[in-house]
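**Student:**
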Amino acid sequence: MKNRWISAGVLAAMLMVLTLVLSGCFFRSPEELYQSPERSADYENLTQKIREVKGKLAQEYGVTEVEDTSVLSGDNTALIQLQDMDGDGQRETAVTFFRVPGAEKPQKIFFFTKGEDDIYTVSAMLEGDGSAIYRVDYADLDGSGYKEVVVSWQMSTGAYLLGVYSVEAPMSRSRLQMANSSKNGAASVQNDDLRGSEWMTTAYGDYILTDIDQDSRTEVAIVRIDPSLTNSGVDVYGWKDSAFKKLSTAPLSTGVVSVGRGGVEENFINGDPPVRALYVSSELSDGSHVVDVIAYQQGKLTNISLAPETGISRETLSRYVDLEPSDVNGDGVLELPQPSPLPGQEDSTASDYWLIDWYQYDSSGQRIEVCTTYHNVTDGWYLIIPDTWKDCITISRYDAISGQRAVIFYHLEGSGDPSPFLVIYKFTSQTNRANTSNRFILREEENAVYAASFYNSSWDCGMDETELVSAFKLIQSGWSD
């Protein structure tokens, strides 16, 4: 009886809703249904101010159109970037980017700050040469609480100019003038009053914002490439004695021709606690890849990886091994790879026939061996191997089956034939095969399953299934991963 009353109640409610819908109570016209969401008053005010600035720039430079541009690289690439420039905890400043065709300095960066009346006004501007704005960063470099602006102007393909600018003075003037205008009537802010002050400009290969000296203040570390190949280095700029200046410099390897794919990254060297350091990836004139390790010691930068007899970092890779520094053991400190070919593969140019010894540096410049891996770059995985495998294993690949790749590990037994003891698979289709024929799962991803199987071998490899799963890792794309 109770269920009947519940069913009747539900039916009555449904009929009531249907009646309301058919009577038009919930009906909305197609125009209302497809109407764009209403934009906020803040947004409308900001876009109006942006249109006004673009119109004034077009009139000033005699062009028909001022282009909106976007930053090409880095963490800040939005067309409109909201920033807390004065450190008050509110992101009240919108940063926009324009290009004025034909202007002497065509790249323009405008700052619009919202006042107490919720109205945006132009508070600062920067301008630069080049074909594009490659990257922009915001950081408090002098400890004042205001953020400075670090801009990479792209001069041409592969050529960049780095500028560091303060906008504190124009923003303060703008705020004061706007406050006065609310009392005494409208006041205009001229371009000269808006222009930020330039602290430095320099050509560069790469840069990073860092607190390398750990004084709680941000510095700019700049990689400088010398065309003569003899004087490339890392320069650190920061605030000292009431000025933004070069604080220290350290050489890079002799023969560096360009910044490598990894560029410059901040991490640590081994210590208690770990010591902050810069890892600079570069290419040498002979095609080799080199990583210089730069630490801040006793008040100055030091290249602790440099071999004094050659002037080149000890961390040099052949062109055949495509590896970057990586935290392979997960301790938070980068390790650097040093490859050696597998037995019988000494003449191989493939990236999958090497064992990799991984080293960390300590503050004295000593290299500390951490572990050894087999890296399968083709399939995107690596295996941390026991020391007992060194000099007595080799591998082969078997990729004949569609959707299945296999790497077979062999034990070398004197002059006899190599004996297989382990196979690791990557399945990209028919992944159910990973659970057959004594195989066990190593890792499951969205588009791939990794599995392994031990052969019935007389050699004890020193690992069981659990240990193999723990030692199996995927190759990550970033240095810090």
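Residue numbering for the sequence shown follows the numbering used here, starting at 319 and increasing by one per position. C-beta: ideal position from N, C-alpha, C; glycine also. These figures come from a predicted structure and were not determined experimentally.
How far does the beta strand (DSSP E) with Y359 in it reach, from first residue to last?
**Tutor:** Sequence check: residue 359 is Ala here, not Tyr. Taken as a continuous stretch (DSSP letters only), A359 belongs to no beta strand (DSSP E), being part of the alpha helix (DSSP H) at 359 to 379.
**Student:** Taking only the alpha-carbon atoms, compute the straight-line gap between T365 and A359 and give it to the nearest angstrom.
**Tutor:** Those two C-alpha atoms are separated by around 10 Å.
**Student:** Output yes or no for whether 8 Å exceeds the beta carbon distance between V468 and V538.
**Tutor:** Cβ distance < 8 Å, so V468 and V538 count as in contact.
**Student:** Indicate the three-state DSSP secondary structure (helix, strand or coil) for W471 in the structure shown.
**Tutor:** Note: W471 maps to strand in three-state DSSP.
**Student:** Since A561 sits in a beta bridge, which residues does DSSP pair it with?
**Tutor:** DSSP output for A561 lists K558 as bridge partner(s).
**Student:** Exposed or buried, which one is G446 when buried takes at least 16 other CB atoms within 10 Å?
**Tutor:** Buried.
**Student:** Could you work out which residue in R751, N756, T746, N750 is closest to L740 when comparing CA atoms only?
**Tutor:** Out of R751, N756, T746, N750, N756 has the C-alpha closest to the C-alpha of L740.
**Student:** In whole angstroms, what separates the C-alpha of S576 from that of G407?
**Tutor:** So the two alpha carbons sit approximately 40 Å from each other.
**Student:** With which residues is A396 paired in a DSSP beta bridge?
**Tutor:** A396 is not bridged to any residue.
**Student:** With 16 other CB atoms within 10 Å as the buried threshold, where does E764 fall?
**Tutor:** With fewer than 16 Cβ atoms within 10 Å of its Cβ, E764 is classed as exposed.
**Student:** Compute the Euclidean distance between the alpha carbons of V695 and V609, then round it to the nearest angstrom.
**Tutor:** Their backbone Cα atoms lie some 19 Å apart in a straight line.
**Student:** When DSSP labels each residue in this structure, what does L654 get in the three-state scheme?
**Tutor:** If DSSP states are grouped into helix, strand and coil, L654 belongs with the strands.
**Student:** In angstroms, rounded to a whole number, what distance separates the CA positions of Q401 and Y456?
**Tutor:** Rounded to the nearest angstrom, the two C-alpha atoms are 8 Å apart.
**Student:** According to the Cβ coordinates, are F727 and I702 closer than 8 Å?
**Tutor:** Going by C-beta atoms, F727 is not nearer than 8 Å to I702.
**Student:** Pick out whichever of R453, Y522, S490 has its Cα sitting closest to the Cα of G463.
**Tutor:** Residue S490 is the option with its Cα nearest to G463.
**Student:** Taking a contact to mean a Cβ-Cβ separation below 8 Å, would you say M597 touches P643 in this structure?
**Tutor:** Residue 597 is actually Tyr in this sequence, not Met. Yes, Cβ-Cβ distance for Y597 and P643 is below 8 Å.
**Student:** Compute the Euclidean distance between the alpha carbons of F772 and Y522, then round it to the nearest angstrom.
**Tutor:** Distance between the alpha carbons of F772 and Y522 is about 52 Å.
**Student:** Check whether the Cβ of V593 lies closer than 8 Å to any Cβ atom in chain D.
**Tutor:** Protein chains in the displayed structure number just one, and chain D is not present.
**Student:** Looking at E584 and R594, is the spacing between their C-beta atoms short of 8 Å?
**Tutor:** It is a contact, given that the beta carbons lie within the stated cut-off.
**Student:** Return helix, strand or coil for R723, following the three-state DSSP convention.
**Tutor:** Strand.
**Student:** If you draw a straight line from the alpha carbon of V767 to that of P704, how long is it in whole angstroms?
**Tutor:** Rounded to the nearest angstrom, the two C-alpha atoms are 24 Å apart.
**Student:** So W676 and L660 are supposed to be a Cβ contact under 8 Å. How far apart are they, rounded?
**Tutor:** At roughly 16 Å, the Cβ-Cβ gap does not stay under 8 Å, so W676 and L660 are not in contact.
**Student:** In the structure shown, what three-state DSSP assignment does S631 receive?
**Tutor:** Three-state result, S631: strand.
**Student:** Taking contact to mean 3 or more Cβ pairs, one atom from each stretch, closer than 8 Å, check whether the segment 437 to 446 and the segment 388 to 395 are in contact.
**Tutor:** No, the segment 437 to 446 does not touch the segment 388 to 395.
**Student:** Could you give the first and the last residue of the continuous beta strand (DSSP E) run that contains V787?
**Tutor:** Where V787 is concerned, there is no enclosing beta strand (DSSP E), although the alpha helix (DSSP H) it sits in stretches over 783 to 789.
**Student:** Helix, strand or coil for N647, going by three-state DSSP, please let me know.
**Tutor:** Reduced to three states, the DSSP call for N647 is coil.
**Student:** Quick test of your reading: Y525 and I587, contact by CB under 8 Å. State the CB separation rounded to the nearest angstrom.
**Tutor:** In fact, because the Cβ distance is near 21 Å, the residues do not count as touching under 8 Å.
**Student:** Could you tell me the distance, in whole angstroms, from the CA atom of Y361 to the CA atom of Q472?
**Tutor:** One C-alpha to the other measures close to 30 Å.
**Student:** What's the C-alpha gap between G481 and E466?
**Tutor:** Distance between the alpha carbons of G481 and E466: 11 Å.
**Student:** If the criterion is Cβ atoms closer than 8 Å, does the pair R513 and M403 meet it?
**Tutor:** It is not a contact, given that the beta carbons lie outside the stated cut-off.
**Student:** Hey, N622 and G683: beta-carbon distance below 8 Å or not?
**Tutor:** Just to set this straight, residue 622 is Ile in the shown sequence, not Asn. A contact, by the Cβ cut-off of 8 Å.
**Student:** Alpha carbon to alpha carbon, how far is V541 from K618?
**Tutor:** C-alpha separation (whole angstroms): 16 Å.
**Student:** Roughly how many angstroms separate the alpha carbons of T634 and H607, rounded to a whole number?
**Tutor:** Near 6 Å, if we compare the C-alpha coordinates of H607 and T634.
**Student:** Please look up how many angstroms separate the CB atoms of L652 and I674, rounded, as I've assumed it's under 8 Å.
**Tutor:** Between I674 and L652 the Cβ distance is about 14 Å, and since that is not below 8 Å, they are no contact.
**Student:** I believe I612 touches A568 by the beta-carbon criterion, under 8 Å. Please report the beta-carbon distance rounded to the nearest angstrom.
**Tutor:** Rounded, the Cβ-Cβ distance is 5 Å, consistent with contact.
**Student:** In or out: L565 buried (at least 16 other Cβ within 10 Å) or exposed?
**Tutor:** Buried.
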